[in-house]
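Inspection log for the structure reproduced underneath, given as structure tokens.
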Amino acid sequence: MHHFEPTLLGLIVLLPLVGFAINGLTAFLAPERKAIPTVVGPAVLGLAFLIALTNFLRMLGAELHEPYVHSYWSWMPVGNLQIDAALQLDQLSMLMTMIITGVGTLIHVFSVGYMKADAGYARYFAYLNLFVFFMLVLVLGASFPLMFVGWEGVGLCSYLLIGFWFKDRKNADAGKKAFIVNRIGDFGFIVAMMLIFSNLGTLNYVEVFEAAPAAFAYGGGVITAITLFLFLGATGKSAQIPLYVWLPDAMAGPTPVSALIHAATMVTAGVYMIARSSVLFALAPVSQVVVAGVGALTALFAATIGLAQYDIKKVLAYSTVSQLGYMFIGVGVGAFAAGVFHLMTHAFFKALLFLGSGAVIHAMHEAFHHTHKDWDPQDMRNMGGLRKYMPITFATMWIATLAIAGVWPFAGFFSKDEIIWQAAAHAVGPYAGWYKLIWAVALLAAVLTAFYMTRMMVMTFHGENRTGEEERKHLHEVPAVMWVPLAVLAVLSVVGGWVNVPHAVADLPVLGWIPTSEWLHEWLHPITEHADAIMAANLPALAETAPIGGSAAFWAIASFGIAVAVILVASRVVGSRAYRPATEAPEPVGLARLLYNKWYIDEIYDAVVVRPIVGASKALWRFVDQGLIDGTVNGLGHASRALGWVGSRLQTGQLNTYAFAVAIGVLILLGFVAF
Amino acid sequence: MLTNSLVLAAILFSIGVLGVVVRRNAIILFLCIELMLNAVNLAFVALSRAVGIEGQVFVFFVMAVAAAEAAVGLAIVISIFRHSETVDLKNFNLLRW
Amino acid sequence: MLLDFSTQTHYLWALLPETVLSVWAMLVLLVDVFQRGDRSEPSRPGIARLTFVGIVLAAVANAWLGTFREVGTDGVMALDTFRVFTNYVFLLAAGLFVLVAERYLEQERMKYGELYVLVLLAAVGMMVFAGSRDLMVIFIGLELMSVAVYVLTGANRRDPRAAEASLKYFLLGAFSSAFFLFGVALVYGSARSTNLAVVANVVGIDGLGASPMLLIGMVLLAVGFAFKVAAVPFHMWTPDAYDGAPAPVAGFMAAAVKAAAFAAFLRVFLTAFPSLHDTWGQLVAGVAVLTMIAANLIATVQGNVKRMLAYSSIAHAGYLMVALAAASTTGAASFLFYLVVYTLMTVGAFAVVLVVGRQGESRVDIDWYAGLGWQRPVLGIAMTIFLLSLAGFPFTGGFIGKFYILRAAVEKGMIFEAVILVLASLLSYYYYLRVAWYMWFRTPADAEAHEGIAVSPGVRAALVAAVIGILWLGIFPGSLLEIAERSTAIFAHAAGGGLPLSIR
Amino acid sequence: MSDLLWWVFASLAVGGAAGTVLGRNPVASLLSLVLTFFSLAAIYILLGAHFIGALQVMVYAGAIMVLFLFVIMLLNLGHDFRPDLRKGVWLVSGFVTTGLIFYFIWRSFAGEAGLAMGTDPVLEKAAEGGNAITVIAEPLFRDFIVAFELTGILLLVAVIGAVLLAKRRV
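Read top to bottom, the protein sequences are chains A, B, C and D.
Heads up: the first sequence at position 618 corresponds to 624 in our numbering, and the numbers run straight through without jumps.
Heads up: the second sequence at position 59 corresponds to 329 in our numbering, and the numbers run straight through without jumps.
Heads up: the third sequence at position 206 corresponds to 531 in our numbering, and the numbers run straight through without jumps.
Heads up: the fourth sequence at position 55 corresponds to 209 in our numbering, and the numbers run straight through without jumps.
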């Protein structure tokens with residue numbers, strides 16, 4: 007075991023910035039020269055990934071306990087607050103870097119095909135490169151302010167990319183909404199930083215996490231406040247209740263952007279932040295239960311909304327919100343590695359799903375484009391039966407669906423199962439009741455996940471094609487530059503879960519096949535051990551069985567069984583429903599049709615179980631999502647503008663008014679001193 | 271006499287403030303400001319009896335400042351009068367809100 | 326050089342940059358008069374260049390000033406790094422003004438060399454205002470600066486708006502000066518001197534020496550400063566004055582006048598009244614909170630970019646007052662750092678407003694910015710960077726400045742003020758980015774909407790300098806922060822032990 | 155005797171000030187203000203500041219007020235009898251505000267020790283009147299030389315500014 011010294015660490019961060027500079031210049035000087043961004047955009051990412059991979063392999067061979075921190079220059083050097091422009095490489099940031107550059111490269115490659123006809127091609131790659139740069143700053147920065155730099159930077163890029171097609175006013179509005187909602191989260195982040203600084207006098211990770219256990223009492227008010235404010239920041243960036251509203255709207259941007267930013271990387275920044283601050287969260291049990299509770303609530307809530315959407319990207323958007331909820335359950339209950347594990351597998355399969363949906367939309371768009379039909383290429387009611395035309399997309403997306411639904415041996419099975427199990431296992435200590443509830447909610451949300459994903463797949467790829475006679479002829483598989491990334495991600499979605507097979511599963515006869523054991527846990531051990539130690543010292547031992555009985559192995563098998571069952575049921579139920587194109591009277595389903603229908607049982611099931619749930623979720627979506635939360639966000643904006651308007655009316659233009667204001671001011675100040 | 275003079279200064283100053291708040295004629299407003307400056311001068315002179323000669327030196331400076339302000343202020347009044355043929359402040363609300 | 330103020334000629338040395346600027350201003354005036362004769366023709370272009378040379382010379386003189394030391398610490402003119410630092414800020418603003426104004430004055434047919442003379446003399450006033458240790462001299466510096474700026478505000482004689490702005494600014498300015506002067510009188514009466522160091526001695530390290538008269542005097546001084554820095558509720562002249570004034574002047578006012586008033590505010594209150602910090606600290610903090618809230622709220626409804634920037638400058642006064650209220654060396658250092666960044670971004674933003682505004686500043690409404698970014702990328706990018714910096718976005722100087730102010734506030738336990746600052750600046754994103762949003766995400770009325778915009782070499786130089794400065798200070802703020810920290814070290818022991826300046 | 159005179163001039167000063175604020179046209183206001191200035195000059199002399207008293211008459215009442223009068227005549231505002239005094243709530247709140255400001259300032263004098271007439275020999279010499287100018291000149295040109303020079307620049311600015319703003323032709 008030798009001393010670990012990373013290779014060209016700074017270059018990983020710098021390369022995307024160089025790409026941004028080149029592509030940005032191209033966008034302004036020669037936007038028609040698409041060859042430059044085509045090469046530069048993916049190449050810088052690929053190179054960064056190779057460097058990251060080198061470091062990863064070397065890190066595997068080394069035994070790195072302490073994080074490696076390299077300071078480039080003294081950023082804020084004055085007084086007792088010494089913050090360097092420093093990068094911190096440890097197991098967690100290494101993993102994140104691998105995900106960002108790896109998935110990022112694939113998405114860049116995909117974008118070459120997806121965006122090739124767009125006038126803003128170079129601009130697109132410039133933004134995308136800049137995004138990756140900021141994302142890397144976010145995960146590699148060695149202090150909270152640097153994380154904040156990345157945090158704000160990715161927000162800005164997200165904003166730019168959502169509003170990328172700015173000619174459409176709705177898109178620009180969505181971008182603005184994303185930015186404003188994120189500001190609320192940022193408020194939490196900054197306040198948390200201020201509190202950390204005022205209590206510890208530093209903001210560098212190494213020093214903060216070293217000093218925190220001694221400086222804060224377990225469960226004390228200050229640490230609880232700090233972690234709750236941090237979590238407020240996380241809810242903004244990671245789209246949790248109540249700040250999730252921007253993410254579904256963010257789907258207005260190009261689909262690869264949704265894949266990279268709004269699924270695989272940026273939205274997981276909140277999860278990363280909590281995992282990074284695991285020591286702080288472990289000290290604040292109240293915050294932990296809040297994190298897990300909000301995560302569970304979001305997971306369930308978003309999943310129900312996902313049931314009712316017709317826009318393929320909206321389904322995936324709510325699904326992302328829901329899956330992020332799972333990650334928060336993981337990091338909330340204290341199973342930080344489990345949360346990060348799900349973050350990783352989710353990056354694979356959700357990026358795949360989004361890219362797949364991008365491929366579908368691309369194909370639909372082309373088809374409609376040929377015949378000048380103005381149908382919505384994203385509405386699943388206009389799809390159906392696409393498996394014949396797009397076999398690769400079809401196959402890869404099914405892999406991802408099985409993964410997200412939690413079917414063995416796909417990646418999501420291991421990560422999601424672990425989170426659910428950890429929620430059960432952590433149902434000890436003072437908040438045991440809450441954790442039990444969270445566990446139950448997580449299970450329920452898993453059922454819904456399997457259902458809405460199957461619904462989406464069936465509506466898109468199975469049954470009769472609803473695109474139209476003429477258009478059908480123009481439907482075809484996407485070019486290799488787009489399906490190859492899909493294939494790579496599909497492979498990752500299959501094998502990605504095997505890096506962390508829990509003992510309970512590994513010991514099972516079939517499910518534990520290829521026992522790779524808990525590699526990720528061990529890999530992240532240097533990061534999480536401090537938090538684990540704090541929790542172990544203050545909480546009773548973890549539960550051996552789930553709240554209603556059953557061991558880890560039992561529930562692993564059970565959840566696998568449930569997932570498969572739900573998928574089978576859902577495919578039959580949804581497959582039996584006759585969807586019609588969005589423009590042609592979508593809703594009415596007469597009672598008579600039930601009797602004539604071959605799948606009588608399914609229809610009953612549909613009417614009694616599915617329809618109420620879908621209807622309720624639709625109502626929920628209308629009322630809570632569109633009405634309440636949207637209304638609150640907009641209301642805040644309106645209120646501040648109204649106040650501003652009142653204030654501006656005081657500015658009458660009359661000098662006497664101004665003089666009077668001065669006199670009043672003098673009076674107030676004098677009064678303050680005189681009394 | 272000294273304290274009384276200070277009180278007188280305060281009275282004159284306050285009357286000046288009142289004038290600035292309630293009058294709308296730019297020139298009268300300006301006169302009220304001159305009144306305020308004079309009130310301060312009175313305070314300086316009165317205080318100089320207790321503190322030392324500098325108080326009177328300050329009056330000298332204040333007068334110079336008042337003269338400079340008067341020159342520029344009246345020039346401004348003239349220049350706005352050219353535009354609007356009035357010095358009533360209620361007419362000056364091109365700029366507001 | 327060691328200066329001893331018992332020898333009068335040493336004052337000349339202590340006033341070196343001021344002297345250079347004054348003499349140069351008179352030179353510019355003479356050259357201008359002789360070039361123009363009595364034919365009332367426009368000034369020659371050389372006048373701007375000549376002015377610029379004077380500013381550079383003053384900067385050199387200022388650098389030399391930095392090497393001087395004095396006997397004692399109560400001379401009329403302060404000889405400390407704080408003064409040298411703030412002098413650079415004023416010169417920077419004046420220099421940017423000259424760069425930006427040249428083409429503008431030509432286009433508005435107001436090429437009077439006198440304007441440059443007035444800017445130079447206003448800078449002299451600022452230097453005295455911020456660099457003196459005697460309240461009476463500070464008052465004269467204040468008046469020198471103000472009178473020059475009143476004239477600059479109304480310099481465009483053809484524009485009724487400028488005349489109105491000038492009148493309002495003048496009357497209210499004189500009104501507030503009278504309060505300030507009364508404050509000087511009261512402090513003089515109770516402390517028996519106008520010298521800040523003497524006042525501090527009278528007040529004593531425990532503040533017990535402060536009589537009611539002194540307290541009232543101190544408050545009236547604060548009123549004068551609060552007016553000049555445009556703190557709510559003394560701010561109401563600001564939007565009107567900035568809106569009506571010629572854009573380069575508005576930028577100069579927003580940057581330099583405010584910087585000078587703040588620097589003097591800081592110097593007076595930290596030198597003369599440090600032991601009364603319990604009183605005025607709360608007062609300033611209260612006004613700061615009010616300012617941040619009101620200004621940011623009102624700015625959200627402004628449709629005129631120039632006016633929006635006026636409210637933004639009021640809001641920034643609020644942020645700076647938080648640093649002032651913190652009254653620590655950190656606070657003072659963050660304050661100086663912010664002044665520099667603020668000058669760059671404000672003058673830069675006004676420069677963009679000026680070129681987009683065209684003749685007669687007819688295009689200052691936000692609608693005119695639609696699509697600017699794509700048609701004029703350099704302007705668009707520069708403006709975006711200024712706006713992001715004003716909002717406090719990471720990687721710009723504005724972020725570092727705000728971060729440091731926050732840090733100073735948190736150190737002093739001013740959590741409430743810090744939280745308000747954060748909330749206010751988050752709110753400010755709304756109206757700053759609205760402009761950016763128009764520039765990049767709005768299609769202009771027609772494809773050639775921004776064709777006629779002429780960016781003169783001077784404006785370009787100023788924009789490039791400002792952009793580079795802002796980014797540099799966002800990424801490598803270290804050196805300037807260290808200088809700022811050193812420059813404010815004088816306040817750490819200005820009045821001995823009782824000073825609330827130690828960090829925790 | 156001098157006390158009585160003080161009261162007389164103080165009353166005149168306040169009366170003149172009130173007249174300035176209430177005067178219906180600018181000329182009336184201005185003349186009231188001149189009355190105040192003359193009364194103040196008298197009070198200065200009563201306080202022993204002979205030189206300042208003289209300056210007050212020459213500079214203020216003489217030069218500055220004449221400049222005002224000149225501008226009023228130039229703009230032909232002397233016949234302007236339209237009332238511009240704000241009334242009602244505005245007037246009342248103005249009164250209350252300024253009254254309170256006065257109250258606070260006045261109260262602050264009460265606690266001030268050492269506001270007795272000094273017995274400083276320099277002041278006495280100045281009060282005698284024979285040597286008033288020398289007494290002022292010394293601090294003026296020694297301690298406040300910087301301020302003195304600056305007033306010169308200030309007046310230069312005022313001249314440039316006044317010419318720039320009021321000149322009719324560009």
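Just so you know, even glycine gets a beta-carbon here, dropped at the ideal spot from N, CA and C.
Buried or exposed (CB count within 10 angstroms, at least 16 for buried), residue i
| i | result |
| --- | --- |
| residue 602 of chain A | Only weak support is given to the placement of residue 602 of chain A: the predicted model assigns it a pLDDT of 40, under 50, and the value that follows is read from those uncertain coordinates. That one is exposed. |
| residue 305 of chain D | buried |
| residue 78 of chain A | exposed |
| residue 604 of chain A | Unreliable placement is indicated for residue 604 of chain A, whose pLDDT of 38 sits below 50; the coordinate value is still reported in the next sentence. Its Cβ having fewer than 16 others within 10 Å, residue 604 of chain A is exposed. |
| residue 407 of chain A | buried |
| residue 218 of chain A | buried |
| residue 325 of chain A | buried |
Bridge partners - residue i, DSSP secondary structure assignment
| i | result |
| --- | --- |
| residue 25 of chain A | Paired residues: none, contrary to the question. |
| residue 239 of chain D | B/293 |
| residue 75 of chain A | A/94 |
| residue 395 of chain C | C/328 |
| residue 82 of chain A | A/89 |
| residue 149 of chain A | A/210 |
| residue 524 of chain A | A/506 |
| residue 385 of chain A | A/317 |
Under the three-state DSSP convention, the category residue i falls into
| i | result |
| --- | --- |
| residue 585 of chain A | coil |
| residue 89 of chain A | strand |
| residue 520 of chain C | strand |
| residue 568 of chain C | helix |
| residue 629 of chain C | strand |
| residue 297 of chain D | coil |
| residue 192 of chain A | helix |
| residue 690 of chain C | strand |
Is the segment 652-672 of chain C touching the segment 735-745 of chain C in the sense that three or more CB pairs, one from each, lie closer than 8 angstroms? yes
Residue ranges of each alpha helix (DSSP H) within the segment 397-484 of chain C, 4 or longer: 406-432, 438-456 and 460-478
Between the segment 410-421 of chain C and the segment 752-768 of chain C, do at least 3 Cβ pairs fall closer than 8 angstroms? no
Would you call the segment 343-352 of chain B and the segment 318-326 of chain B in contact, with 3 or more CB pairs under 8 angstroms? no
For the segment 522-532 of chain C against the segment 611-624 of chain C, are there 3 or more C-beta pairs whose distance is under 8 angstroms? no
So does the segment 349-364 of chain A actually touch the segment 430-445 of chain A, counting three or more Cβ pairs closer than 8 angstroms? no
Report yes or no: do three or more beta-carbon pairs, one from the segment 633-642 of chain C and one from the segment 778-790 of chain C, lie closer than 8 angstroms? No: fewer than three Cβ pairs fall under 8 angstroms.
Across the segment 245-255 of chain A and the segment 88-107 of chain A, are there enough close Cβ pairs to call them in contact, namely three or more that are closer than 8 angstroms? no
For the 8 angstroms Cβ check, are there 3 or more pairs between the segment 90-99 of chain A and the segment 250-266 of chain A? no
Does the segment 425-442 of chain C come close enough to the segment 544-562 of chain C that 3 or more CB-CB pairs lie under 8 angstroms? no
Three Cβ pairs or more, each shorter than 8 angstroms: is that satisfied between the segment 618-631 of chain C and the segment 578-585 of chain C? no
Continuous alpha helix (DSSP H) assignments of at least 4 residues falling wholly in the segment 231-294 of chain A: 252-255, 261-265, 275-282 and 284-288
Counting pairs of beta carbons, one from the segment 142-154 of chain A and one from the segment 202-218 of chain A, are three or more of them closer than 8 angstroms? yes
Determine contact between the segment 565-573 of chain A and the segment 448-457 of chain A, defined as no fewer than three beta-carbon pairs at a distance below 8 angstroms. yes
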